[in-house]
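Enquirer: Just so you know, we're using our numbering here: the sequence shown kicks off at 404 and counts up by one.
Ideal Cβ placement from N, Cα and C applies to all residues, glycine included.
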Amino acid sequence: MSSETRLNKALKNAKVLSFDDTSKFILFSDCHRGDNSFADDFANNRNIYYHALKFYYSEGFQYCELGDGDELWENIHFESIFEAHKNVFKLLKQFHLEHRLHMIWGNHDMVYKDEAYVKKHLSSYFEPIDDKDKSLFEGIKYHEAIILRHKETQQEIFLTHGHQADWWNYTFWRWGRFLVRVLWKPLQVWGIADPTSPAKNYTELIKVERRIKKWILKHNLLVTVIGHTHRPRFPEPGDIPLFNDGSCVHPRSITGIEIENGKISLIKWQINTTDDGTLRVVRILLEGPQKLEDYREK
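(1) Under 8 angstroms by Cβ, that's how I've got LYS418 and ILE549 pegged, so tell me the actual separation to the nearest angstrom.
(2) Skipping 5 residues on each side, what residues in its chain have a beta carbon closer than 7 angstroms to that of LYS496?
(3) My output table needs one value for HIS546: the three-state DSSP class, helix, strand or coil.
(4) With three or more beta-carbon pairs closer than 8 angstroms as the criterion, would you say the region 472-484 touches the region 678-698?
(5) How far does the beta strand (DSSP E) with ARG686 in it reach, from first residue to last?
(6) Could you tell me the boundaries of the beta strand (DSSP E) in which GLN465 lies?
(7) Mind pulling the beta strand (DSSP E) runs of 3 or more residues that sit fully within the region 498-548?
(8) When you compare each of SER440, VAL514, LYS489 and GLY470 to PRO531 by their alpha carbons, which one comes out closest?
(9) Using a Cβ-Cβ cutoff of less than 8 angstroms, which residues in the same chain neighbour GLU700 once the five nearest sequence positions on both sides are dropped?
(10) Going by CA-CA distance only, name the one from ILE687, THR676 and PHE646 that's closest to ILE657.
(11) In this structure, does DSSP put ARG449 in helix, strand or coil?
(12) Should THR627 go down as buried or exposed, given a rule of 16 or more other Cβ atoms within 10 Å for buried?
(13) List in chain order: all unbroken beta strand (DSSP E) runs of 3+ residues lying wholly within the region 630-658.
(14) What would DSSP say about TRP672, mapped onto helix, strand or coil?
(15) Check SER421 in the structure and name its three-state DSSP category.
(16) Give the straight-line distance between the Cα atoms of VAL685 and SER461, rounded to the nearest whole angstrom.
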């Protein structure tokens, strides 16, 4: 199966969400939430991510996670990840209860394509204080892709993880998971990177982007937002409309894409120091806002 075929399949089966210029979305991906061990890359940015998530919740944003939210290659069970980052998941639960949580699976959490697995592990959690199970993401469904469709203009924005253009991480993800658990997780503690990851392999990164661009050209310049490579992308109007929200495991910062007022922006959250030495988590606009209609095929 070619990358084109895999992307076509994701597009065909995508969940459709209607939106308009009053809608607000925050797109994050590649959080790689782990178990708070030395191999947990997310742990360094957990407070930044949690602060940003609280902001988007209070401001009425819908949350779209474009895959690899949970690190289920290095970690065998979701439960250990939940216990390490319980405050994050409880906040995500609030989005879910208000129907503002939309989840996509990537290669590192590809087990979520199995509805039975999701129901068994994510529906509830055990609360030791109360000595009973409590509801978590009851009824949640993970998707391979999501289409945001504008109610008035009918413009579509295609959201997916992007590993469809990476044959190893899509077709042989179980082998990749095995290698990470057995070999790369122990070596990661010593600073040795996994060479199969496009985020750590520039040649593979370029190949993935090139394949998706080629696919976009065959689909009438469909605006496409991915993660997977961890490299933020924000094309100019007139260029091939391939966006990338980056990741939540950059050194000391996280990046994402906002859609608000019919416009799209690339943003970064990081810790800054004020003049009096106080540390603050701040939002920085990297690119945009740019009107979505500027990316419509003329």
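Expert: Reading it off the structure:
(1) 5 angstroms
(2) LEU539 and PHE540
(3) Reduced to three states, the DSSP call for HIS546 is strand.
(4) no
(5) 682-694
(6) 465-469
(7) 504-507, 527-530 and 535-538
(8) LYS489
(9) ASN623 and LEU624
(10) ILE687
(11) DSSP places ARG449 in helix when its eight states are reduced to three.
(12) buried
(13) 645-647
(14) strand
(15) SER421 falls in the strand class under three-state DSSP.
(16) 16 angstroms
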